[in-house]
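Trainee: One structure, pasted below without further comment.
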DNA sequence: TTGACAATCCAAAACGTTTTCGGTAGTTTA
DNA sequence: TAAACTACCGAAAACGTTTTGGATTGTCAA
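Listed below in structure tokens is the structure:
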């Protein structure tokens, strides 16, 4: 049904070899024949088949964008969307196609992640939203498929990663609170199986340490990065340590949930309790009071991840771990 | 480099024909040979090439997910992400691959949307985030490529769409305000080139009409669906008609911006001005006061769009226009 | 006049599958 | 015992490209 290179060749009165060469800009085709071929091709509405070309060239120009359990991670769109945009933007501008892959789907179809990718001859993968205990973590690390994790510190011959400098980010947030005179600071972290959580925990501890304050386990609670989780965590935190004057949250959404709870129990922000979030998502700016937070450059994370992958693919570069700087954004909640 | 069907055939001592049949579950291959082939294939780590198969079968099992200017539309993630999840979820579970496509990228690469799709032999496309005056609108409508628009009323032999019943949705929001006794109701609509805007405008007018209220052009202003736009629009609205007691926004984000402005100028919500949004995004629930809004079932929109496309692809069904019901979610802003 | 050398072009193989059309045994039926 | 049938398997063509290794001109220098 679709018009092939053979149709063009026939219509232009040349061989398919010549059509191919005309299209790919080789110089051993006469200027008039070239013009004729191009004209005929346009008339016939010829589009070279990407799949035939992939087959003979043995490369698809196609990379996967793997989002762990896309469906269940919908609440994370505040973070994920921009990263996706960054990844796609860079990859597309370099001529790569991006196919969406989700692990759950793969699981449903009883195909492992690596099977999925090699079957479609994906040349590389960018992985996001994954937990450290996810079974696919190991698959990614062991596969010989070039891949780069976002917020996933996997490092091997074929795996690199990009993430924000979370320990410094957490330190920034904490130092800000410490500089405001707070001494009893609660910490609502993300779930323990998120790579960022362990780093942010370290930043929290480090900041306390250098301020000469002993860490109190009662002041630390783990949650799920989402609003409801932050709400519940804050309630728990306040029941355990009613004397805290500030809370540091590992995500803006949890901070929002926390502020909602604080508001409900009549605490004023920042007078009674100061609040710092993490991510600097758009919502942080809209809340009342506007949320002080540690920013992550999400779009850039995607771009850099794409760049690292391209480096591996096109220039055979060794992957590495790239840490983006964090920045403190001070607003009214502190 | 990758192991092919020929390698498996050689290792198993059979022809490639037999390997192919064994893999595709044909019944004319002996039970013992089949077992042997499968064992050998597993040992060699054989994965059939999706691209070779696509070439011979003349179908790719691949559909495009076209997001108009992905990059610039990042602010719309509150709406888009869930739809994407719905689309991907359904499509993936039916064995289709999903390729991300963005028109800007295409434009950069000087390849038209339709070229992009036919080159990759995409079997269909789901289109979202597009404006009515977008040049690609016509391309989509004229192309013989099965496609379904989300919030885009394009209808042809190959084009269907799914959108929320926006005129009824707007009517619901307005009727709610009218039932609370409001008579001077401002309307902050989205930009005029969005399909949903014209429907919501109609719903607004209809509601006024049946309530016997004349529509006042001073009470209507167009904006861009985003927070800052809503803020500016509200300022304009109040300057033109200081006597309004309620505002209906065509998106939750604009409503949020509006509430921010109202708060700043000392108006109480809902006592001085009642506010209704549109979309029921997660943020609507978190704001203070929580936002009354008209809900859209975003995930389902994606699922239904996928279903419609599959219907065309697999059962040659005629596309149509599917309208999802809207629902009013009453919270504290009214 | 002839050999070399551009300038153009083409036939055929290759990429990794699926599928059509047979072919060869062995087994049953008449 | 021959014919028909079953069960299993393979050779080869096809899908739409790219690329290798010439082939055919014509031109120019010797």
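Residue numbers (our numbering), protein chains in the order written: chain A, 1 to 334; chain B, 1001 to 1334.
Note that CB positions come from ideal geometry on N, CA and C, so glycine has one too.
These numbers were taken from a predicted model, which means no experiment stands behind them.
Assuming residue 246(A) contacts residue 177(A) under a Cβ cut-off of 8 Å, what Cβ separation, rounded to an integer in Å, is found between them?
Mentor: For the purposes of this step, residue 246(A) is identified with residue 246 of the first chain, where counting begins at 1. For the purposes of this step, residue 177(A) is identified with residue 177 of the first chain, where counting begins at 1. Residue 246(A) to residue 177(A), Cβ: 5 Å. Contact.
Trainee: Quick check on residue 1179(B): buried or exposed, where buried means 16 or more other Cβ atoms within 10 Å of its Cβ?
Mentor: Within the second chain, the letter at position 179 stands for residue 1179(B). Answer is exposed; the Cβ neighbour count stays below 16.
Trainee: Among 1132(B), 1279(B), 1154(B) and 1131(B), which residue has its Cα nearest to the Cα of residue 1142(B)?
Mentor: Sequence index remark: in the second chain, residue 1142(B) carries index 142 (1-based). The candidate whose alpha carbon is nearest that of residue 1142(B) is 1154(B).
Trainee: Assuming contact is defined by CB atoms lying nearer than 8 Å, are residue 398(A) and residue 276(A) in contact in what I supplied?
Mentor: Absent from the model: residue 398(A). The displayed extent of chain A is 1 to 334, so no value can be given.
Trainee: Would you say residue 1082(B) and residue 1323(B) are within 8 Å of each other, going by their C-beta atoms?
Mentor: By one-based count along the second chain, residue 1082(B) stands at place 82. By one-based count along the second chain, residue 1323(B) stands at place 323. Against a cut-off of 8 Å, the Cβ pair of residue 1323(B) and residue 1082(B) comes out as no contact.
Trainee: Is there at least one Cβ from chain A nearer than 8 Å to residue 1146(B)'s Cβ?
Mentor: Position 146 of the second chain, counted from the start, is the residue given in the question as residue 1146(B). Chain A, which has no Cβ nearer than 8 Å to the Cβ of residue 1146(B), makes this no.
Trainee: Please confirm whether residue 1131(B) has its beta-carbon closer than 8 Å to some beta-carbon of chain A.
Mentor: Taking the first residue of the second chain as position 1, residue 1131(B) is located at position 131. No, residue 1131(B) lies away from the interface with chain A (no Cβ there is under 8 Å from its Cβ).
Trainee: Return the chain-ordered list of same chain residues with a C-beta closer than 6 Å to the C-beta of residue 208(A), the five sequence neighbours on each side being excluded.
Mentor: Working through the first chain from its first residue, we reach residue 208(A) at position 208. Around residue 208(A): 215.
Trainee: Taking 8 Å as the cut-off, decide whether the C-beta atoms of residue 1197(B) and residue 1186(B) are in contact.
Mentor: For the purposes of this step, residue 1197(B) is taken as residue 197 along the second chain, with counting starting at 1. For the purposes of this step, residue 1186(B) is taken as residue 186 along the second chain, with counting starting at 1. No, the pair does not count as a contact, with Cβ atoms beyond the cut-off.
Trainee: Across the segment 304-313 of chain A and the segment 84-93 of chain A, are there enough close Cβ pairs to call them in contact, namely three or more that are closer than 8 Å?
Mentor: The segment 304-313 of chain A, when compared against the segment 84-93 of chain A, does touch it at the 8 Å Cβ threshold.
Trainee: In terms of alpha-carbon separation, which member of 31(A), 23(A) and 43(A) lies closest to residue 3(A)?
Mentor: Here residue 3(A) is taken as the residue at index 3 of the first chain, counted from 1. Looking at the Cα atoms, 43(A) is the closest of the given residues.
Trainee: Any C-beta of chain B sitting closer than 8 Å to the C-beta of residue 289(A)?
Mentor: Within the first chain, numbered from 1, the residue matching residue 289(A) stands at position 289. For residue 289(A), the answer is no, since every Cβ of chain B falls outside 8 Å of its Cβ.
Trainee: Out of 1242(B), 1222(B) and 1243(B), state which residue places its alpha-carbon closest to the alpha-carbon of residue 1255(B).
Mentor: Here residue 1255(B) refers to the residue found at position 255 when the second chain is read from its first residue. Residue 1222(B) is the option with its Cα nearest to residue 1255(B).
Trainee: Is there contact between the segment 1223-1241 of chain B and the segment 1252-1267 of chain B, where contact requires at least three CB pairs shorter than 8 Å?
Mentor: Contact holds: three or more Cβ-Cβ distances are below 8 Å.
Trainee: Would you check if the distance between the CB atom of residue 158(A) and the CB atom of residue 321(A) is smaller than 8 Å?
Mentor: Looking up residue 158(A) in the first chain gives position 158. Looking up residue 321(A) in the first chain gives position 321. Cβ atoms of residue 158(A) and residue 321(A): not closer than 8 Å.
Trainee: Does the pairing of the segment 144-153 of chain A with the segment 123-133 of chain A give three or more beta-carbon distances under 8 Å?
Mentor: Judged by Cβ distances under 8 Å, the segment 144-153 of chain A makes contact with the segment 123-133 of chain A, as three or more pairs qualify.
Trainee: Listed in chain order, which residues of the segment 1-28 of chain A have Cβ atoms closer than 9 Å to some Cβ of chain B?
Mentor: Listed by position along the chain: 1 and 2.
Trainee: Within a Cβ cutoff of 8 Å, which residues of the same chain sit near residue 73(A), ignoring the five residues on either side of it in sequence?
Mentor: In the first chain, residue 73(A) corresponds to position 73, counting from 1. Excluding sequence neighbours, residue 73(A) sits near 67, 80 and 129.
Trainee: Measuring CB to CB, does residue 284(A) end up less than 8 Å from residue 332(A)?
Mentor: In the first chain, residue 284(A) corresponds to position 284, counting from 1. In the first chain, residue 332(A) corresponds to position 332, counting from 1. Result no, Cβ atoms of residue 284(A) and residue 332(A) do not sit closer than 8 Å.
Trainee: Go through the segment 77-128 of chain A residue by residue and report every complete run of the alpha helix (DSSP H) that reaches 4 residues or more, in order.
Mentor: Fully enclosed alpha helix (DSSP H) runs of 4 or longer: 77-93, 103-108 and 113-119.
Trainee: Name the chain A residues that come within less than 8 Å of residue 1050(B), Cβ to Cβ?
Mentor: Taking the second chain and counting its residues from 1, one reaches residue 1050(B) at position 50. Here the neighbours are 119, 120 and 121.
Trainee: Taking only beta-carbon atoms, is residue 225(A) less than 8 Å away from chain B?
Mentor: The sequence position of residue 225(A) within the first chain is 225, counting from 1. False, the Cβ-Cβ gap to chain B never drops below 8 Å.
Trainee: Name the DSSP bridge partner or partners of residue 222(A)?
Mentor: Mapped onto the first chain, residue 222(A) falls at position 222. DSSP lists 189(A) as partners of residue 222(A).
Trainee: Checking 8 Å against the spacing of the C-beta atoms, do residue 313(A) and residue 1100(B) come in under that value?
Mentor: As a position in the first chain, residue 313(A) is number 313, starting the count at 1. As a position in the second chain, residue 1100(B) is number 100, starting the count at 1. Against a cut-off of 8 Å, the Cβ pair of residue 1100(B) and residue 313(A) comes out as no contact.
Trainee: Measuring CB atoms only, is the segment 35-55 of chain A touching the segment 1029-1038 of chain B, in the sense that at least three cross pairs come out at less than 8 Å?
Mentor: Not touching, per the Cβ criterion.
Trainee: Which residues, in chain order, does the segment 1291-1303 of chain B contribute to contact with chain A at a C-beta distance below 8 Å?
Mentor: Cβ contacts with chain A come from 1299.
Trainee: Taking the alpha carbon of residue 294(A) as the reference point, which residue from 233(A), 48(A) and 325(A) has its own alpha carbon closest?
Mentor: For this step, residue 294(A) is matched to residue 294 along the first chain. For the residues 233(A), 48(A) and 325(A), the minimum Cα distance to residue 294(A) belongs to 325(A).
Trainee: Suppose the cutoff is 6 Å on Cβ atoms and the five residues either side in sequence are ignored; what does the same chain contact list for residue 1121(B) look like?
Mentor: By 1-based counting over the second chain, the position of residue 1121(B) is 121. The answer, listed in chain order, is 1060.
Trainee: Spatial neighbours of residue 16(A) within its chain, please: C-beta separation below 7 Å, excluding the five flanking residues on both sides.
Mentor: Residue numbering aside, residue 16(A) sits at position 16 when the first chain is read from its first letter. For residue 16(A), where only same-chain residues beyond five positions count, the Cβ hits under 7 Å are 5, 6 and 9.
Trainee: Measure the alpha-carbon distance for residue 71(A) versus residue 305(A) and round it to whole angstroms.
Mentor: Taking the first chain and counting its residues from 1, one reaches residue 71(A) at position 71. Taking the first chain and counting its residues from 1, one reaches residue 305(A) at position 305. About 22 Å.
Trainee: If you draw a straight line from the alpha carbon of residue 188(A) to that of residue 220(A), how long is it in whole angstroms?
Mentor: Counting from one through the first chain, the residue named residue 188(A) turns up at place 188. Counting from one through the first chain, the residue named residue 220(A) turns up at place 220. Approximately 6 Å, taken between the alpha carbons.
Trainee: Which chain A residues sit within Cβ distance under 8 Å of residue 1074(B)?
Mentor: Taking the first residue of the second chain as position 1, residue 1074(B) is located at position 74. Within 8 Å Cβ-Cβ: 81, 82, 85 and 299.
Trainee: Residue 1249(B) bridges to which residues according to DSSP?
Mentor: Here residue 1249(B) refers to the residue found at position 249 when the second chain is read from its first residue. BP columns for residue 1249(B) point to 1188(B).
Trainee: How would you list, in chain order, the residues of chain B whose beta-carbon sits under 9 Å from the beta-carbon of residue 71(A)?
Mentor: By one-based count along the first chain, residue 71(A) stands at place 71. Within 9 Å Cβ-Cβ: 1085, 1086, 1088, 1089 and 1299.
Trainee: From 135(A), 234(A), 318(A) and 126(A), pick the residue whose C-alpha is nearest to that of residue 264(A); which is it?
Mentor: For the purposes of this step, residue 264(A) is identified with residue 264 of the first chain, where counting begins at 1. Answer by Cα proximity: 234(A).
Trainee: Just the Cα atoms here: how many angstroms apart are residue 1(A) and residue 11(A)?
Mentor: On the first chain, residue 1(A) is found 1 positions in, with the first residue counted as 1. On the first chain, residue 11(A) is found 11 positions in, with the first residue counted as 1. Between residue 1(A) and residue 11(A), the C-alpha separation is close to 16 Å.
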